Amino acid sequence: MVAAVFAGALAAALFATASPSAHGLTLETDGVFSPPAKNVAAQAVTYDQKLVPAGSWISVRQRVQPNGATTVELKVTGLQPNHLYGVHVHQKTCGADPAAAGKHYQNQSGTDAAHVNNKNEVWLDFKTDKSGNGSASAQHTWAFRKGEAGSVVIHSSPGTKGARAACFSVPFAAKP
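Residue numbering for the sequence shown is -24 to -1, 1 to 152, as defined by mature numbering (1 follows the signal peptide of the UniProt record, and there is no 0).
Structure (structure tokens):
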């Protein structure tokens, strides 16, 4: 199983591409989910294999315009069919412990309703189709601060209350 986890992490790392241009920067990272393993860093980790089975796939694309406007797009395949998921960008990279990804990334820090929402955070909630495929997109006028956004966490339900079902480490870029 450790070899499978390592292979999943390696595969995810190999599929990260960045395309800078005069129109900004596009970064795309793809991965295959594996169960967490101690002492092995995995880029795509599933904590709940009923909702996010090992072997399911994720792709995250970030586009940053020269003015800092940012779009984050998410695509998944192989998840539980017809299920509502919550997805947020988190501060840190994934680990064997679901809490390793830290808190939601926020453009402006705070804990009240004015800060915990889809305008100040990146929310990519989606519902899978009958085949377990889903997608979402979020656009913001702001860019990530360098080194402060490290992963996408898939939660068991939309909004802010769902348990962490999976995590995908993403090398998010700041304003070009």
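Each residue gets a CB set at the ideal place from its N, CA and C atoms; glycine is no exception. What you are looking at is a predicted structure, and each value in this text was computed from that prediction instead of being measured.
Same chain, Cβ closer than 6 Å to S32, neighbours up to 5 away in sequence not counted: Stepping through the sequence shown from its first residue, residue 32 is reached at position 56. So the qualifying residues of the chain are F9, G54, L55.
Whose C-beta lies closer than 7 Å to the C-beta of A76 among residues of the same chain, with five residues either side of it excluded? Numbered from 1 along the sequence shown, position 100 holds the residue referred to as residue 76. Excluding positions up to five away in sequence, the list reads K68, C70.
Starting from the C-beta of M(-24), find all residues in its chain whose C-beta is less than 6 Å away, skip the five residues before and the five after it, and write them out in chain order. Along the sequence shown, one-based indexing puts residue -24 at 1. A caution first: M(-24) carries a pLDDT of 36, below 50, which makes its placement in the model too unreliable to give a value.
CA nearest to the CA of P11, picked from D24, T2, G(-1), G123: As a working mapping, residue 11 is identified with position 35 in the sequence shown. Nearest C-alpha to P11: D24.
Just the C-alpha distance for T136 and S127, rounded to the nearest angstrom, thanks. Locating residue 136 in the sequence shown gives position 160, counting from the first residue. Locating residue 127 in the sequence shown gives position 151, counting from the first residue. Taking the CA atoms as reference points, T136 sits about 16 Å from S127.
Can you name the start and end residues of the beta strand (DSSP E) that S145 belongs to? Residue mapping note: residue 145 aligns to position 169 of the sequence shown, counting from 1. Looking at the DSSP string, the run of the beta strand (DSSP E) that includes S145 is 140 to 145.
Provide the residue(s) that pair with W33 in DSSP beta bridges, ordered along the chain. Here the question's residue 33 lines up with position 57 in the sequence shown. Per DSSP, V8, T53.
Best match in Y81, Q115, N94, T22 for proximity to V40 [C-alpha to C-alpha]: Here residue 40 refers to the residue found at position 64 of the sequence shown. Here the closest residue by C-alpha is Q115.
Look up A119 in the DSSP assignment and say whether it is helix, strand or coil. What you label residue 119 is simply residue 143 of the sequence shown in a count that begins at 1. Coil at A119, not helix or strand.
Is it buried or exposed, S85, if we count other Cβ atoms within 10 angstroms and call 16 or more buried? In the sequence shown, residue 85 corresponds to position 109, counting from 1. Classification of S85: exposed, given that the 10 Å Cβ count is below 16.
With which residues is T46 paired in a DSSP beta bridge? Position 70 of the sequence shown, counted from the first residue, corresponds to residue 46. V40, H116.
Per-residue DSSP class, three states only, for A149: Within the sequence shown, residue 149 is the residue found at index 173, counting from 1. Note: A149 maps to coil in three-state DSSP.
In terms of alpha-carbon separation, which member of I130, R121, F102 lies closest to V28? Residue numbering aside, residue 28 sits at position 52 when the sequence shown is read from its first letter. Considering only alpha carbons, the answer is I130.
I'd like the span of the beta strand (DSSP E) that includes S132, first residue to last. Looking up residue 132 in the sequence shown gives position 156. Where S132 is concerned, there is no enclosing beta strand (DSSP E), given that its DSSP letter is neither H nor E.
Is the beta carbon of V63 sitting closer than 8 Å to the one on W99? Translated into the one-based positions of the sequence shown, residue 63 becomes position 87. Translated into the one-based positions of the sequence shown, residue 99 becomes position 123. Result yes, Cβ atoms of V63 and W99 sit closer than 8 Å.
How long is the line joining the alpha carbons of Q93 and A142, rounded to whole angstroms? Walking along the sequence shown from the start, residue 93 turns up at place 117. Walking along the sequence shown from the start, residue 142 turns up at place 166. Residue identity differs from the one stated: residue 93 is Asn in this sequence, not Gln. Looking at the two C-alpha atoms, the distance is approximately 21 Å.
Looking at the structure shown, is F(-19) part of a helix, part of a strand, or coil, going by DSSP? Stepping through the sequence shown from its first residue, residue -19 is reached at position 6. In this prediction, F(-19) has a pLDDT of 38, which is less than 50 and means its spatial position is unreliable; what the coordinates show is noted afterwards. F(-19): helix per DSSP, three-state reduction.
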